[in-house]
Amino acid sequence: MSLLPIDEALARLLDKVAPLASEEIPLSQGLGRVLARPIFAQLDHPRADNSAMDGFALRAEDGLQPRRLLGQSAAGHPGDLLVGPGDAVRIFTGGVLPQGADSVLIQEDAQWDEEFCRPQVEPRVGAHIRRQAEDFGVGDLLFDSGQQIRAMDFAVLASQGITHLTVHQRPSFAVVATGDELVAPGQQLAPGQIYESNSLMVAGQAQEAGGRQQESLIVPDDPEQTRAVLRRLKACCDLVIFCGGASVGDHDHVVSCLQAEAEEGLEFYRVKMKPGKPVAAARLGRCIVLCLPGNPASSAVAFEQFVRPCLRRFQGDGRPHRRLEKQWLSGTISGPQKRCRFLRAKRQGNGRVAPFLKQGSGMLSSLAGVDGLIMIPAGTPSLSDGDAVAFQALDGPGDARPPEAQWRALFP
1002 MSLLPIDEAL ARLLDKVAPL ASEEIPLSQG LGRVLARPIF AQLDHPRADN
1052 SAMDGFALRA EDGLQPRRLL GQSAAGHPGD LLVGPGDAVR IFTGGVLPQG
1102 ADSVLIQEDA QWDEEFCRPQ VEPRVGAHIR RQAEDFGVGD LLFDSGQQIR
1152 AMDFAVLASQ GITHLTVHQR PSFAVVATGD ELVAPGQQLA PGQIYESNSL
1202 MVAGQAQEAG GRQQESLIVP DDPEQTRAVL RRLKACCDLV IFCGGASVGD
1252 HDHVVSCLQA EAEEGLEFYR VKMKPGKPVA AARLGRCIVL CLPGNPASSA
1302 VAFEQFVRPC LRRFQGDGRP HRRLEKQWLS GTISGPQKRC RFLRAKRQGN
1352 GRVAPFLKQG SGMLSSLAGV DGLIMIPAGT PSLSDGDAVA FQALDGPGDA
1402 RPPEAQWRAL FP
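In structure tokens:
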């Protein structure tokens, strides 16, 4: 079976993933959730003409002549005042502009006492006034469906009096680590055994992507047990993630078991990337099953390229892929190679990124403190210090385009 390009494998996978049903949640629980319907402004912002500064509301055409003070307007206390010729109103930031006024003279440009304001600078029409609806007006689109709610979005939402959001449900997932050699941390290691570490990492990545964990377990290299776990989990999870057993060794049974259980067969198996070549995907009823390589770095990289977009698509996210950004290389990278590479890297500042020296798929040290992945397409010649590269930040924004399409846009 030939290796499938990354974007083609992603297209096959995401074609089988539909956004989950919507639910209504309190606004305070909306951080990180994805909207299932657009939100339009119910109120103008600002709701009325108001002052951007502390000062005096007056008529600009009266020039430098002294003004008789009628009262004051403060935020939340607009008063009921009419500014006529020779009048002014003491106004504070956020105070509603009184009728008849067309300018705010900042207090630094005036002298005043309890009865009069004396401008020291010629007033200008419209100065220091925030106009009603100049930010947005009733009916304006504030947030589109498929948009993820961030912390700063709460200010806009709360300003509209919104108390609940309609969002897509979070997908449920289970992580299954496979291997006779695996032992849960805290147990005694026998000769030939290792502590299982992938499931905690992958579950953490899945939760960061918005998933809701149902279960995590270790299964030995046994086809019957593997198929039994598949049948059980497909009934209760939107997504099942296997770590290990996806290669072609005598003890790797997950892919063959998955192929036997999937009515439509595998969506794909083996992708043209490094690390992470032995990735497989299938749909079992409503459940998506993804098999990742057992090596930790391979599992982490494959998760970012395939599992994360799947979880985001379940939530209706219109930008399910990690975004690639142009950065500049610190160090060198050999080439060319036959597969697209994702190199673990750290930010160096000033737009520069440096790949870890140890890039082997079984190397754990390069996962500690990793900031992102440098994407090197197949056939790329050797790169030198200072060359432009595509960097996939692990804390960056999403993108609607899959990685290879993004790379072509960065390097046309």
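If you read the sequence shown in the working numbering, its first letter stands for residue 1002, the second for the next number, and so on.
Even glycine gets a Cβ: it sits at the ideal position worked out from N, Cα and C.
These figures come from a predicted structure and were not determined experimentally.
Delimiting residues of the alpha helix (DSSP H) encompassing Thr1167 | Sequence index remark: in the sequence shown, residue 1167 carries index 166 (1-based). Membership of Thr1167 in any alpha helix (DSSP H) is not indicated; the residue belongs instead to the beta strand (DSSP E) covering His1165 to His1169.
Start-to-end residues for the beta strand (DSSP E) that takes in Leu1070 | Position 69 of the sequence shown, counting from 1, holds the residue named residue 1070. Looking at the DSSP string, the run of the beta strand (DSSP E) that includes Leu1070 is Arg1068 to Ser1074.
When the distance is taken between beta carbons, is Ala1301 closer than 9 Å to Leu1368?
-> For this step, residue 1368 is matched to residue 367 along the sequence shown. For this step, residue 1301 is matched to residue 300 along the sequence shown. Yes, the Cβ-Cβ distance between Leu1368 and Ala1301 is below 9 Å.
Could you tell me if Gln1188 is buried or exposed, where buried requires 16 or more neighbouring beta carbons within 10 angstroms of its beta carbon?
-> The residue given as residue 1188 occupies position 187 in the sequence shown. For Gln1188, the number of other beta carbons within 10 angstroms of its own is below 16, and it is reported as exposed.
Taking the continuous alpha helix (DSSP H) assigned at Gln1149, which residues delimit it?
-> Locating residue 1149 in the sequence shown gives position 148, counting from the first residue. That residue, Gln1149, is in no alpha helix (DSSP H); it is neither H nor E in DSSP.
Whose C-beta lies closer than 8 Å to the C-beta of Leu1028 among residues of the same chain, with five residues either side of it excluded?
-> Position 27 of the sequence shown, counting from 1, holds the residue named residue 1028. If you ignore the 5 residues before and after Leu1028, its C-beta comes within less than 8 Å of the C-beta of Phe1155, Leu1158, Ala1159, Ile1163, Thr1164, His1165 and Leu1166, all in its own chain and listed in chain order.
For Gln1100, which beta-bridge partners are listed by DSSP?
-> Reading the sequence shown from its first residue, position 99 is the one you call residue 1100. In the DSSP output, where bridge partners are listed per residue, Gln1100 has Leu1083.
Alpha carbon to alpha carbon, how far is Tyr1270 from Pro1321?
-> For the purposes of this step, residue 1270 is identified with residue 269 of the sequence shown, where counting begins at 1. For the purposes of this step, residue 1321 is identified with residue 320 of the sequence shown, where counting begins at 1. Their backbone Cα atoms lie some 21 Å apart in a straight line.
Do you know offhand how far Thr1381's Cα is from Arg1151's?
-> Reading the sequence shown from its first residue, position 380 is the one you call residue 1381. Reading the sequence shown from its first residue, position 150 is the one you call residue 1151. Taking the Cα positions, Thr1381 is about 37 Å away from Arg1151.
State the DSSP-derived secondary structure class of Gln1214, mapped to helix, strand or coil.
-> Residue 1214 sits at position 213 when you count from the first residue of the sequence shown. In this structure, Gln1214 counts as strand in the three-state DSSP scheme.
Give the single residue among Glu1109, Ala1010, Pro1403 and Ala1391 whose Cα lies nearest to the Cα of Leu1411.
-> What you label residue 1411 is simply residue 410 of the sequence shown in a count that begins at 1. Looking at the Cα atoms, Ala1391 is the closest of the given residues.
In chain order, what residues of the same chain have a beta carbon less than 8 Å from the beta carbon of Ala1346, not counting five sequence neighbours either side?
-> In the sequence shown, the residue the question calls residue 1346 occupies position 345. Result list for Ala1346: Val1354, Ala1355, Pro1356, Phe1357, Val1371, Asp1372, Gly1373, Leu1374, Ile1375 and Phe1392, in chain order.
Taking the CB atoms as reference points, tell me whether Leu1395 and Ala1298 lie closer together than 9 Å.
-> Position 394 of the sequence shown, counted from the first residue, corresponds to residue 1395. Position 297 of the sequence shown, counted from the first residue, corresponds to residue 1298. No, Cβ-Cβ distance for Leu1395 and Ala1298 is not below 9 Å.
Going by other Cβ atoms of all chains shown within 10 Å of its Cβ, with 16 needed for buried, is Ala1019 buried or exposed?
-> Position 18 of the sequence shown holds residue 1019. Flag for Ala1019 reads exposed.
Residue span of the alpha helix (DSSP H) that contains Arg1233, given as start and end = For the purposes of this step, residue 1233 is taken as residue 232 along the sequence shown, with counting starting at 1. For Arg1233, the enclosing alpha helix (DSSP H) begins and ends at Pro1224 to Leu1234.
On the three-state DSSP scale, how would you describe Phe1304?
-> One-based indexing of the sequence shown puts residue 1304 at position 303. In this structure, DSSP gives Phe1304 a helical state, which the three-state scheme calls helix.
Reduced DSSP secondary structure (H/G/I, E/B, other) of Phe1412 | The residue labelled residue 1412 in the question sits at position 411 within the sequence shown. Coil.
For the stretch 1278 to 1330, list the beta strand (DSSP E) runs that are entirely contained and at least 3 residues long, ordered along the chain.
-> Runs of the beta strand (DSSP E) spanning 3 or more residues and lying entirely within the stretch 1278 to 1330 occur at 1281 to 1285, 1288 to 1293 and 1325 to 1330, in chain order.
Quick one: grab the DSSP three-state call for Pro1404.
-> Here residue 1404 corresponds to residue number 403 of the sequence shown, with the count starting at 1. Three-state result, Pro1404: helix.
With DSSP as the reference, label Val1035 as helix, strand or coil.
-> As a first step, residue 1035 is located in the sequence shown; it is residue number 34 there, counting from the start. In the structure shown, Val1035 sits in a strand (DSSP, three-state: E or B).
Mind checking whether Ser1467 and Phe1093 have CB atoms under 9 Å apart?
-> The chain is shown from 1002 up to 1413; residue 1467 falls before or after that span and cannot be answered.
Host alpha helix (DSSP H) of Ala1012 (start-end) = Taking the first residue of the sequence shown as position 1, residue 1012 is located at position 11. That run of the alpha helix (DSSP H) goes Ile1007 to Leu1015.
Whole-angstrom Cβ separation of Val1122 and Val1035, contact assumed at under 8 Å?
-> Taking the sequence shown and counting its residues from 1, one reaches residue 1122 at position 121. Taking the sequence shown and counting its residues from 1, one reaches residue 1035 at position 34. Contact between Val1122 and Val1035 does not hold, since their C-beta atoms are separated by about 50 Å, which reaches or exceeds 8 Å.
Name the two residues that bound the continuous alpha helix (DSSP H) containing Cys1258.
-> Counting from one through the sequence shown, the residue named residue 1258 turns up at place 257. Note, Cys1258: alpha helix (DSSP H), Val1255 to Glu1262.
Relative to the C-alpha of Arg1348, which residue among Pro1337, Pro1172, Gly1332 and Arg1069 is closest?
-> Within the sequence shown, the letter at position 347 stands for residue 1348. For the options Pro1337, Pro1172, Gly1332 and Arg1069, the alpha carbon positioned closest to that of Arg1348 is the one of Gly1332.
For Leu1374, which of helix, strand or coil comes out of DSSP?
-> Mapped onto the sequence shown, residue 1374 falls at position 373. Correct three-state label for Leu1374: strand.
What is the C-beta distance between Gly1246 and Cys1292, in whole angstroms, given that I count them as a contact (C-beta under 8 Å)?
-> Walking along the sequence shown from the start, residue 1246 turns up at place 245. Walking along the sequence shown from the start, residue 1292 turns up at place 291. Approximately 7 Å separates the beta-carbon atoms of Gly1246 and Cys1292; this is inside 8 Å, confirming the contact.
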